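Below is one structure; the comments refer to it alone.
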Amino acid sequence: MVGRVGVPDDRIYAEYAFDPTTTNASTALDFSKGLLPGLSLEDCATVLQEDTQAVSDGNLGKLEAMLTGQAVALNAMFNNFAKRAINAEIMPTLDTYFRLALKAQAQCRSTVEAIAEIKYPKSATFIKQANIAGQQQVNNPGNGAESGAALRTREKNITPTNELLTEAKHANLDTTGKKAASRGNPHLEALGAVNRADHR
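Note that numbering that gives the first Met the number 0 has the sequence shown beginning at 0, numbered continuously upward.
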């Protein structure tokens, strides 16, 4: 920790206490003391700062290596718990080991998917027309250089798919033509001419 002119030491301590590099380096150091007892917080924070800068610059190589190592470790956990489940003699122990094995397997799969997403990100999908709920968004392809008159002419020549039958040519579905009235029930014949009074 380096002091700065005109900045109180308490402020500098607070900045270090809430700095994500320092706090995470401290946590990593606590978990790594059993493996490497000679580590110092300052060295861990420096290395973590360099790794963070590399990611900011677009170099994800160390993250890929970390995830790959974690996937291998999770796979080892899965196999360990699965073997313990085989040797379990009572049902609660068998159930516990199988659950732990499947959790490790699921985490391993998620880690592998994360690696694949980093290496081969999914491409964005652009759709020309989408109907969403009651609202409609339509993106029609067109040349920006096309004039307004040409665009209106092109749109006018498009036949709507939901056009009424009576608006289209030859849309009459009844092709039999007119038929003469049936004589089967003369009481229902059409009325003749109506003789009205001269003065209403």
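Cβ coordinates follow ideal geometry from the N, Cα and C atoms, glycine included. Quick caveat: nothing in here was measured; it's all calculated off a predicted structure.
Item                                                                                                                                                               : Value
For R83, which residues of its own chain have a beta-carbon under 6 Å away from its beta-carbon, when the five flanking residues on both sides are left out?       : Y96
Please classify L73 as buried or exposed, where buried requires at least 16 neighbouring CB atoms within 10 angstroms.                                             : buried
Among residues of its own chain, excluding the 5 on either side of I117, which ones have a beta-carbon nearer than 8 Å to its beta-carbon?                         : L59, L62, E63 and L66
With a threshold of 8 Å on Cβ separation, who are the neighbours of L38 within its own chain once the five nearest residues in sequence on each side are excluded? : L28, S31 and K32
Would you please state the rounded distance, in angstroms, between the beta carbons of L47 and T20? I believe it to be under 8 Å.                                  : 5 Å
My output table needs one value for Y96: the three-state DSSP class, helix, strand or coil.                                                                        : helix
What span of residues does the alpha helix (DSSP H) with A44 cover, start to end?                                                                                  : L40 to S55
Tell whether a beta-carbon distance below 7 Å holds between A201 and F77.                                                                                          : Nothing can be reported for residue 201: it is not among the residues displayed for the chain, which extend from 0 to 199.
Could you give the distance in angstroms between the alpha-carbon of I201 and the alpha-carbon of I114?                                                            : Given that the chain is displayed from residue 0 to residue 199, the structure contains no residue 201 and the question cannot be resolved.
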